[in-house]
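Working notes, structure below.
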Amino acid sequence: MKTKKIIIAIDGVSSTGKSTMAKDLAKELGYTYIDTGAMYRAVTLYSIQHGFFADGQIDEAKLQAAIADIEISFRFNPETGRPDTYLNGVNVEKEIRGMEVANLVSPVAALGFVRRAMVAKQQEMGKAKGIVMDGRDIGTVVFPDAELKIYVTASPEVRAKRRLDELKAKGETASFDDVLENVKMRDHIDMTRKESPLRKADDALELDNSRMTIAEQKEWLLEKYNDRSRNR
4 MKTKKIIIAI DGVSSTGKST MAKDLAKELG YTYIDTGAMY RAVTLYSIQH GFFADGQIDE
64 AKLQAAIADI EISFRFNPET GRPDTYLNGV NVEKEIRGME VANLVSPVAA LGFVRRAMVA
124 KQQEMGKAKG IVMDGRDIGT VVFPDAELKI YVTASPEVRA KRRLDELKAK GETASFDDVL
184 ENVKMRDHID MTRKESPLRK ADDALELDNS RMTIAEQKEW LLEKYNDRSR NR
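In the working numbering, the protein residues as written are 4 to 235.
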């Protein structure tokens with residue numbers, strides 16, 4: 004039975020492993036992976052680099068004036084087998100994953116003009132289909148007609164532990180309590196923001212991976228993909 008190329012939208016709360024899951028699924032299917040969270044992190048990094056933050060507050064006017072100058076792209080890294088994020092031609096994959104960016108990204112991502120600029124880029128990337136895109140509003144705003152929508156969740160404590168392990172693996176220091184507070188703060192901001200709040204799309208399939216292994220998760224995703232991609 005033939006399959007058709009579709010759009011797979013993966014949304015959910017922070018630190019559920021959405022990006023890793025989406026990257027692996029895209030690689031398995033031969034699809035293009037687009038990390039929308041990295042796009043917002045790159046805008047946040049640009050804002051930090053250009054002094055748009057003061058006492059943790061973003062200068063919205065300065066960022067809005069500069070938004071057209073922020074070019075974000077993804078390039079395949081043969082060493083990792085995954086795409087790296089580039090900000091105005093510079094590889095910033097490592098920089099955007101640190102706690103400084105993590106602590107400031109949600110307020111930036113909540114800005115309407117930032118979301119509209121990023122959504123336009125994301126929709127352009129997905130025109131040809133055959134993509135896996137993860138973020139907060141992919142199934143609700145970016146691609147409301149996506150053939151397969153997944154909403155990923157897990158307990159805050161499980162997510163904080165995963166995030167802490169990631170940071171330690173990169174040689175960064177952080178406490179569990181600080182990371183847990185960051186996870187809960189991001190959830191609150193993401194779910195209550197005025198522009199494109201995080202929510203489960205009505206037709207999304209929920210995946211709670213708190214107690215799932217990577218193998219179990221992959222099997223579940225492939226089963227849902229095969230069901231949705233078959234030509235009937």
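Virtual Cβ for every residue (Gly too), placed ideally from N, Cα, C.
For Asn185, the closest C-alpha among the options Ala12, Ser18, Met136 is that of Ser18. With a threshold of 16 other beta carbon atoms within 10 Å, Met194 falls short and is exposed. Across the set Gln67, Ser50, Ala68, the C-alpha of Ser50 shows the shortest separation from the C-alpha of Ile99. Taking all protein chains shown into account, Phe79 has fewer than 16 neighbouring C-beta atoms within 10 Å of its C-beta and is therefore exposed.
Collapsing the DSSP output to three states places Ser18 in coil.
Excluding residues up to 5 positions away in sequence, Ser213 lie with their Cβ nearer than 7 Å to the Cβ of Val161 in the same chain.
The beta carbon of Arg166 sits closer than 6 Å to those of Ser18, Val182, all from its chain and outside the five residues before and after it, given in chain order. In summary, Gln125 is buried, with 16 or more beta-carbon neighbours lying within 10 Å of its beta-carbon over all protein chains present.
Fully contained in the segment 80-120 are the following alpha helix (DSSP H) runs of length 4 or more, in chain order: 102-112.
Following the DSSP letters along the chain, one finds Thr47 inside the alpha helix (DSSP H) bounded by residues 39-52.
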